[in-house]
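Enquirer:
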Amino acid sequence: MDNWRKSSYSGPGDGNECVEVAHSRTHRAVRDSKAPARATLVFPARAFTAFLGGLKNYSTVTDFARFRG
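Written as C-alpha cells, this is what we have:
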C-alpha cells in the first residue's frame with residue numbers, strides 16, 4: 580500500500596503523535612507516522628471498521644498509546 584494519509588488532527592500542538600492509514604479495495608493498514616518504516620497493522624476492510632469502533636473510547640491517539648503501554 581502506498582497511498583498513506585496522515586490525520587488532519589496531527590500537528591505541532593499534539594507533538595505529531597499520529598497514525599497514518601492506507602487502504603486498498605479489500606484491506607486497510609495503519610502505521611505510526613513517526614516511524615513509517617516500522618511495523619504496520621493490516622486489517623481486512625470489515626475488521627478495520629470494528630477496530631475503529633473500539634478506538635472511539637479514547638479521545639486521542641495519545642490516550643490509546645497510554646492504554647496499550
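Our numbering numbers the first residue of the sequence shown as 580 and each following residue consecutively. Cβ coordinates follow ideal geometry from the N, Cα and C atoms, glycine included. Computed from a predicted model, the values in this text were never measured in an experiment.
Excluding five sequence neighbours on each side, which residues of the same chain lie with their C-beta closer than 7 angstroms to the C-beta of S603?
Expert: For the purposes of this step, residue 603 is taken as residue 24 along the sequence shown, with counting starting at 1. M580.
Enquirer: Taking the beta carbon of R617 as the centre, do at least 16 other beta carbons fall within 10 Å, making it buried, or is it exposed?
Expert: Locating residue 617 in the sequence shown gives position 38, counting from the first residue. So R617 ends up on the exposed side.
Enquirer: Indicate the three-state DSSP secondary structure (helix, strand or coil) for R604 in the structure shown.
Expert: Walking along the sequence shown from the start, residue 604 turns up at place 25. Three-state DSSP puts R604 in coil, outside helix and strand.
Enquirer: Is it the case that the CB of V621 approaches a heavy atom of the ligand ZN more closely than 7 angstroms?
Expert: The ligand ZN is absent from the structure shown, which contains no ligands of any kind.
Enquirer: Can you look up Y617 in the DSSP assignment and give me helix, strand or coil?
Expert: Taking the sequence shown and counting its residues from 1, the one referred to as residue 617 is at position 38. Sequence check: residue 617 is Arg here, not Tyr. Correct three-state label for R617: coil.
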